[in-house]
Ligand SMILES: [Zn+2]
Ligand SMILES: [Zn+2]
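Residue numbers (this note's numbering): 3 to 113.
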């Protein structure tokens, strides 16, 4: 049980605002509905440093390589890149998959 920081109505299931950290009722849980100070601060910061909030690929400074002139990669380069991207967990799943497959196959053989 908590009181809504905006209308002071007792709320059994209060919502915590992720911007200002205050508790609100269902009606005022959205930052827009409680004149959220945290949201205002967030917007001010975004206004000051808009670059920080732009998704990387759309960033003005993001270098784009024209498709036609992209350096062509040899098959070996691609395979090496793929091997580098495979992390241990993926490898573990592959190994587990193989083990399960072997078990199933040996089970079928025993029938
Ligand atoms: Zn309220
Ligand atoms: Zn808020």
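Ideal Cβ positions, reconstructed from N, Cα and C, are used throughout, including at glycine.
Residue 18 is bridged by DSSP to 25.
Under DSSP, residue 13 forms a beta bridge with 4. At a cut-off of 7 Å, the beta-carbon of residue 24 counts as near ligand 2: some heavy atom of the ligand is closer than that. Relative to ligand 2, the beta carbon of residue 21 is positioned inside 7 Å of a heavy atom. Taken atom to atom, the span from the alpha-carbon of residue 41 to that of residue 17 is near 15 Å. Short note on residue 38: C-beta closer than 7 Å to some heavy atom of ligand 2. Using a Cβ distance threshold of 8 Å, residue 9 and residue 38 do not count as a contacting pair.
Exposed is the label assigned to residue 86, since fewer than 16 other Cβ atoms lie within 10 Å of its Cβ.
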